[in-house]
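Just add 9 to the spot in the sequence shown (first one is 1) and you have the working numbering.
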Amino acid sequence: MMAVVRERYLRDDVPCMVPGAADDSEEAAAAGQATMLSAEPYEGNYLVLDANVALHQLDLLETQDCAALQDCIVPQTAAEEVRRRNLAAYSRLMALVTDPSRRFVLFPDQHHRDTHVRRLPGETPNDFNDRAIRGVAAFYQRVLAAVQGTEGGAGASTVTLLTDDADNRRRAAIDGIPALSCKAFAAKHSDAFPGLAEKVALGVEAARRDRARGDRTGYRPHLSAGAVAEGLRSGRLFRGTLRVSKDCWFEARVAVRVPAGSAVARAAAIAAALPAAGAASDAPAAGVAAAASGGDETEEMREDTAAALRAAEAEAASADADAASGKSSAGTQPSSSSSSSSSSSSSSSSSSAAAAATAAAAVPRGAAATEEVLSVLIRGAEAINRATEGDVVVMRILPPRRWQHAWGKLTPAAETSVEEAKDEDEAADASKSAASGASRGGEMGVIAGTVPTAEVVAVIRRAWRPICGSIEDDSTSTSGDGETGARVARGGARRATFVPIDGRWPRVRLETRQAEALAGQRIVVALDAWPASSRQPFGHYVRTLGPVGDRAAETEALLEEHSIPTRAFSSAVMACLPPSNWVVTPATASANGRRDIRHICVCSIDPPGCKDIDDALHFRPLDDSGTLFEAGVHIADVTHFVRPDTPIDEEAASRANTTYLVERRLDMLPGLLTTSLCSLRGGVDRFAFSVTWRLRRSVGPDGLPRFETLGSEFFRSTIHSRAAMTYGEAQAILDDPSATGDVASSVRGLAEFSRFLKRGRVEAGALTLASPEVRFQLDSETHEPLDVRAYEHKETNSLVEEMMLLANVTVARRITDAFPRYAVLRRHPEPPQRNFDQLIAAARVVGVEIDVSSSKALQVSLDKAEEAAAARAAAAPTSAAAAGAAALDDVASSPHFAKTLRILATRCMLQAAYFPSGECAPEQYRHYGLASPIYTHFTSPIRRYADVMVHRLLAAAIGLEPLPKQCEDLKRTRELTDNLNRRHVASQHAGRASVALHTVVFFAGRAVLADAIVLRVRGNGAAVLVPRFGLEGPALVAGKSAPRGGDGWPGPWEEDECEVDDGGMTLRAPLSAAPKGWAAAVGPKAGAAEASGQPLRLRVFDSVRVCLRVKEGARHRRSLEIVLVDPPFFPTPAGAQDWQDGLPAKSPPAPAPAAESPANRAGKKPSKRKSKRMRDE
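Below you can see the structure in the form of structure tokens.
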């Protein structure tokens, strides 16, 4: 038996930071340990914050330039509750405490003799915390009375308890402590600070009023904590993370682990095996498998499913090990801390209780040996039942007869409303899965091509975040509750509907006094609550970003949406920088083990306009034999300037990476380092970290050069770059045999060596994939897009990539040999086979077989498909008629087929991730895409913190510096790598959103005809890729969101008559589904279609003709609209032009709204800005 004794030392001199107090406040302020409260607070009033205010009202507390919200006391009891429930909220609270301009004081009440309290028998934690916080308020009353020498006379300062807990306010009144709710506080100061009331979270109060109003429409209440626990324990309920479709807030996926052989698992297998109605008889199973896998899965959906698979495999292996050692795993419960350790600031108390109950109902580890993972579909507002993106939910899987098809609809984000969610609920009740002629699976009633479908019964943990959008500007529009878009609420505020930009989020109900001022503005809103009685969640206004459609405001919105840090670097960070006139001196060029190699011809190759140059290269002969050479990679020595555990290091670790947008860059490090002192610019001396290889060159039997690596070396160096070239400039050297000089010789040697490296990687199974990449040509002054086109890769791109890959692999081996537990590595897990189902099925429809048994087999299949497509294209018929017939029968002859196939293969991949080597077995280090057994990131420390960590590890491995203590802390390293992974994905998504924004700006007012290729089909249209511009989007033919026009323009096709077959790979639209007036509007093409008697068809990989234009969406967002004109679903819009000899004029076609035309910039030099690419992966 062990007794645990906890001791707490109480003091009476703990500084309270009140001027004139008889304690150590003055000394603490002088030492910079805390901020002194003002001697004259606003209206003579100090605020003591309750935990619920610190947790839920941070947007209010963070209000800038509000004197009423300065001089606040945060009891440590309240701060600790915030920390336990939401670490993100705690970080925001601590930012206020550490900001001297705000005067927020953290008071350690449980360490002060006068405020320490003990928990009473039977007292709940909430009542204990409330009593402690009231004690702090009473203590400050006594301090102020002592300082002022009065018991509250005229002019004396007072203390007010700010709490949203009505019972706490009642008890405070009994104790003689003034107390206000946040709403009452904001109302009190509304004249002096008019916007204050907008930021008050409505929360429980709004829900209570909503219930009192008695809404007729609502959701099913969530199950109680006890029912959740019992359901999880019995296997009737399942838990997982909700991943919402990027275009539709009421359609989602959840990866769940179910017992192998269970009814659900057997039904899913039957549905995948049954032939789908209309599927090709020679390949039904593959087609259905593609449908079962869910072609619209997001990266997060695939990651969750893969993580569940890995967890099941790991637990199965653990169970097997236990069995082999004679241990019994029955009844062993995993730790519950991961289930209940943190709670979102917006979680309800019932959700927190459900989280605790779930932990108690965890499945025993031994069960994993007989589990499998299913991707479960949740579709419809009723089914999703108030859950939102990222929430941890509990769900009930429906009977197989109610399962739905996975392919569903294409739903642009700008079109998803509550009313459409209702329509979707009705459609779900009479699902397409019940269509006549569908195959059924015996007694289980399984329908071919359907997938496991579920409904949410509880939300365990919320993942709410601030969201961007705008106020519904039509005051007469009807919300999901049958209310108008804006109506009068209590206190003169108006109820308004907030429409998010991100289609994954539902519309939000607000109360605002500035509805007119906010109309047409892009704003940020925080979610507060979503009671069962309301069709929409409640939220509150946070801040305004700018006018809707303004490029700067929309850019701020996308940064906010992806949580990209935009704050300026603090004075503490800037104080870590060297002088701006810092230079390499003769003394420092070779100090502390650094080698001076400025005599070697080093050069860099980067995108045009790149300023943060973090890598340079060299290749030189070592003798006159023509066989011995040296290759080198030189990386900016950022760690010389960024030392461990300094403010600049902590800020870089928090930001994690530089984010590249089309027109700007958000740096991880201050500009002095990023673009000057660390950047390896041409013609200046710079510090670097170098890796070199001694090579022996020979010629193989195939006549191609080969290189044998004789050894490698790592060292810090001083270099002098002879040339900072663009990819185009370096390519010109390769293409010009007459180019001479050291730089030209080095570039040619590097090109020859890189070709050898690439051949070796491909032979080992490395993948050559593709993704749509766009390059904008921007106006040098306004940054308006002048041109857009797909990014063109040159051989010099490959040259740099191969050298970066070689350096990263070489360094990964070195640091792992030296520190097998602490090395920071990057792995790319092998995708589950189910990820390839749609790719295999789509390729099979056009006669192409894809082997995914290994990365090499996949690469060989893709290469064969490309070679076959090239051969077919070369043998294509010369006449137009024959060519059209051949294209209809042989889609794989399309010139864009091979790239499209590689794009789809890329989307089957999982996300690569950073991790500490001590957490995985060496066989799990593998990078699937690169076919490398080990990998890391070393080559970009200016823009990635992972590389900074690796530089420190390498410096310690070669004995230049001791290993920083932070690198030996495995838990700390895990936290850092988790943040790196989150930030990396967020930056990727922000970059894509920036491309989408500038695409809309560019095409506004234009109607451009272009060729496209079908990526996937759904019941109302197809997703297409436009190779000319590297753009992708939905081309809808049916439903509310299909293209519409003015007079003479036909409406959408009849969705109910459009059929999806070939296992979800083909959409057929019979002419009977054509809208009225279609034939007259389309013209001769309609006559040809009618003469053939065949329906219009869209099939995966079909080449089609589209018109690109911009339309105004329902979410106050301009979006790119893709109109299908061949096949002739719609007529060619008026004014549409081919993109041939220059830019089509900006003459906006109806109904796309005209954008403001850019000024005539004939005399301006355009800027070809492109963000620095992630070249080494």
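Positions of the beta carbon are idealized from the N, C-alpha and C atoms, including for glycine.
Could you check which residue in the options has the C-alpha nearest to that of residue i?
i	options	result
H936	E928, L871 and T945	T945
V1023	E1041, L102 and F1011	E1041
S589	T684, L536 and R552	T684
M583	F650, E761, I387 and V466	F650
R560	R111, R410 and S1003	S1003
L153	E132, H905, P50 and K208	P50
D846	H837, I859 and G1102	I859
A196	A816, T521, D136 and R652	T521
K208	A661, L519 and G927	L519
A40	A30, G29, A31 and P24	P24
E639	W702, V647 and L681	W702
A1032	G1014, G1073, G1060 and E1063	G1073
I609	P630, A955, W591 and L251	P630
Measure the C-alpha to C-alpha separation of residue i and residue j and round it to an integer number of angstroms.
i	j	result
L795	G1144	20 Å
P942	R822	10 Å
N138	Q66	18 Å
G458	V237	30 Å
R94	S100	12 Å
C81	A234	36 Å
A832	V959	7 Å
R757	H998	36 Å
F247	A182	46 Å
R127	R983	36 Å
L704	R768	17 Å
M677	F578	10 Å
K1120	V1026	22 Å
V273	V1134	43 Å
D751	F765	21 Å
E90	V517	28 Å
L675	V1115	35 Å
K192	S199	10 Å
Under a Cβ-count criterion, where at least 16 other Cβ atoms within 10 Å of its own Cβ denotes burial, should residue i be classed as buried or exposed?
i	result
V708	exposed
T506	buried
M26	buried
Q842	exposed
D22	exposed
S862	exposed
T749	exposed
E928	exposed
D987	exposed
G29	exposed
Does any CB atom of chain D fall closer than 8 Å to the CB of residue i?
i	result
R981	Here chain D cannot be found, since the structure has a single protein chain.
Starting from the C-beta of residue i, find all residues in its chain whose C-beta is less than 8 Å away, skip the five residues before and the five after it, and write them out in chain order.
i	result
L19	H120, H121, R122 and H125
V693	H729 and S730
If you drop the 5 nearest sequence neighbours on each side, which residues of the same chain put their C-beta closer than 6 Å to that of residue i?
i	result
D745	none
L568	T575
W514	W258 and I476
I387	A261, I393 and A463
H1007	V671, F785 and P794
S721	W702 and T819
S864	G774, L776, Y937 and A940
T825	A832 and S926
Which same chain residues, not among the five before or five after residue i, have their C-beta less than 7 Å away from its C-beta?
i	result
N806	Y736
R690	I622, S730 and A733
Of all the alpha helix (DSSP H) runs that stay within the bounds of the stretch 509-595, which reach a length of 4 or more residues? 524-527, 560-570 and 580-583
Which runs of the beta strand (DSSP E) fall wholly inside the stretch 76-121 and span at least 3 residues, in chain order? 81-84 and 113-116
Report the residue ranges of all alpha helix (DSSP H) runs contained in full by the stretch 1058-1121; include only those spanning at least 4 residues, in chain order. 1087-1091 and 1093-1101
In the stretch 720-779, which residue ranges form an unbroken alpha helix (DSSP H) of at least 4 residues, counting only runs that do not cross its ends? 736-744 and 751-773
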